[in-house]
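Undergrad:
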Amino acid sequence: MRTPIETEAFGDPTSPAIFMVPGWAMPKEVFHGVARLLSENFYVVLANLPGVSVDPNWHKRNRFGPNYDIDALAEQLIRAAPKPCWWLGWSLGGMVANYIAARRSSCANGVISVASAPKFVASDDWPMGMSEDAYRQFFDLVKAFPEKGFRRFLSLQAQGAKDPKGLAKHLLELQPKDLIDPEALVRGLALLETLDVRREIALLDRPNLHVFGAQDALVETPNVVQAFPSNPLQTVLTLPELAHQPFLEDPSQFVALITQYIHDNTFH
1 MRTPIETEAF GDPTSPAIFM VPGWAMPKEV FHGVARLLSE NFYVVLANLP
51 GVSVDPNWHK RNRFGPNYDI DALAEQLIRA APKPCWWLGW SLGGMVANYI
101 AARRSSCANG VISVASAPKF VASDDWPMGM SEDAYRQFFD LVKAFPEKGF
151 RRFLSLQAQG AKDPKGLAKH LLELQPKDLI DPEALVRGLA LLETLDVRRE
201 IALLDRPNLH VFGAQDALVE TPNVVQAFPS NPLQTVLTLP ELAHQPFLED
251 PSQFVALITQ YIHDNTFH
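Sequential numbering of the sequence shown, starting at 1, is according to my numbering.
Now the structure itself:
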């Protein structure tokens, strides 16, 4: 049984639409600030990944386990998204958005990924990901102590930001610990272990923007950008002073570049 996707909308439904998908374990509320700013020009719909929510009533009503099979997840998100829309995904959400935009391009006007490498775990042909040993240790930690693993990941996400402690505290406050779904954490990590969207990115036939922070501690930005698969409609942008969550670190800059790209599909 597929899990219903929890969504929240901002702005005028007649405006051009943006569908925003967050990263591993993070609720849609992480996008609230930029969603409100973007809603001045766009209809913005935020989605939660399966099993992730800050709403206790949603957890009580939801009778299905979180399904992170990539094709099932894609179908869940497609059903929840406005049509037509731009897909904007952060981290794991960016990988999923690239997958959907490549395989179901009729669903996407374009795709924007943020701090999203094509592959999370390293391999012989992708050495800049998390090592298999480090991934396995983290997976075991999350499985045994979900809250501890969640907190550690948030701390790592915030490294490289101008105020890492403040940013980590903000991220932690977004998700009440009693509403963390351990199954969603484990299944999301299992997807991160196997998902590889390099081929999908190379096949994208819609305008596609990929935004990275130069200070990102989770993504080896220079190496990832150098090895990033290319396609004729692609723009890759590195923000020099920002880390893994540019939409929180500099919301006005982020909203300006997203707005410009959607309007022009380029930068001047």
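Glycine included, C-beta positions come from ideal geometry on N, C-alpha and C.
In or out: R199 buried (at least 16 other Cβ within 10 Å) or exposed?
TA: So R199 counts as exposed.
Undergrad: Within the continuous beta strand (DSSP E) that includes I112, where are the two ends?
TA: It spans G110 to V114 - the beta strand (DSSP E) in which I112 sits, taken as one unbroken run.
Undergrad: Between F254 and the rest of its own chain, which residues show a CB-CB distance below 7 angstroms, the 5 nearest in sequence each way excluded?
TA: The residues are V34, P246 and F247.
Undergrad: With C-beta atoms as the reference, is L289 less than 7 angstroms away from M20?
TA: What the structure shows of the chain is the stretch from 1 to 268, and residue 289 is not part of that stretch, so it cannot be assessed.
Undergrad: Give every residue of the same chain whose Cβ lies closer than 6 angstroms to the Cβ of L155, excluding the five residues on either side of it in the sequence, and list them in chain order.
TA: For the record, residue 155 in the displayed sequence is Ser; it is not Leu. A168, listed in sequence order.
Undergrad: What residue ranges within the stretch 23 to 94 form continuous alpha helix (DSSP H) runs of no fewer than 4 residues, ordered along the chain?
TA: For the stretch 23 to 94, whole alpha helix (DSSP H) runs of length 4 or above, ordered along the chain, are 32 to 38, 56 to 61 and 70 to 80.
Undergrad: Can you list, in chain order, the residues of its chain with a C-beta nearer than 7 angstroms to that of V186? Leave out the 5 residues immediately preceding and following it.
TA: Closer than 7 angstroms at Cβ, skipping near neighbours: V142 and K143.
Undergrad: For R36, which residues from the same chain have a beta carbon less than 7 angstroms from its beta carbon, with the 5 sequence-adjacent residues on both sides left out?
TA: Within the same chain, R36 has close Cβ partners F10.
Undergrad: Taking the straight line between their C-alpha atoms, what separation do you get for P232 and H244?
TA: Each residue's alpha carbon lies about 26 angstroms from the other.
Undergrad: Smallest Cα separation from E6: which of S39, I70, A81 and W24?
TA: For the residues S39, I70, A81 and W24, the minimum Cα distance to E6 belongs to A81.
Undergrad: Starting from E147 and walking both ways along the alpha helix (DSSP H), at which residues does that stretch end?
TA: Looking at the DSSP string, the run of the alpha helix (DSSP H) that includes E147 is P146 to A158.
Undergrad: Check for me: the alpha helix (DSSP H) holding H244 runs from which residue to which?
TA: Neither: H244 is in no alpha helix (DSSP H) and is coded neither H nor E.
Undergrad: Determine the direct distance from the alpha carbon of F145 to that of N265, and round the result to whole angstroms.
TA: One C-alpha to the other measures close to 44 angstroms.
Undergrad: Taking the alpha carbon of A184 as the point to measure from, which residue in S39, F139 and K162 has its own alpha carbon closest?
TA: With distances taken between Cα atoms, A184 lies closest to F139.
Undergrad: Would you report the Cα separation of A158 and K165, rounded to the nearest angstrom?
TA: The straight-line gap from Cα to Cα measures roughly 7 angstroms.
Undergrad: Between the Cα of M26 and the Cα atoms of V197, D163 and F153, which residue gives the shortest distance?
TA: Looking at the Cα atoms, F153 is the closest of the given residues.
Undergrad: Counting only the same chain and skipping the five closest in sequence on each side, list residues whose C-beta sits under 7 angstroms from that of N41.
TA: Within the same chain, N41 has close Cβ partners S15 and T259.
Undergrad: Rounded to the nearest angstrom, what separates L191 and D12 at their Cα positions?
TA: Their backbone Cα atoms lie some 34 angstroms apart in a straight line.
Undergrad: Thinking just about the alpha-carbon of each residue, which of F212, L195 and R151 is nearest to the one in I70?
TA: Among F212, L195 and R151, the Cα nearest to that of I70 belongs to L195.
Undergrad: According to DSSP, simplified to helix, strand and coil, what is T235?
TA: Of the three classes helix, strand and coil, the one that applies to T235 here is strand, per DSSP.
Undergrad: Excluding sequence positions up to five away, which residues of its chain have a Cβ less than 7 angstroms from the Cβ of V197?
TA: Result list for V197: M95, N98, Y99 and P118, in chain order.
Undergrad: Can you tell me whether H210 is buried or exposed, with buried defined as 16 or more other CB within 10 angstroms of its CB?
TA: Under this definition H210 is a buried residue.
Undergrad: Per DSSP, G213 forms a beta bridge with which residues?
TA: G213 is bridged to L239.
Undergrad: Please state the DSSP three-state secondary structure of K162.
TA: Looking at K162 - three-state DSSP - the assignment turns out to be coil, as it is neither helix nor strand.
Undergrad: Can you name, in chain order, every residue of its own chain whose Cβ lies under 8 angstroms from the Cβ of V54, other than the five neighbours on each side?
TA: These residues qualify, in order along the chain: P27, E29, L174, Q175, P176 and L179.
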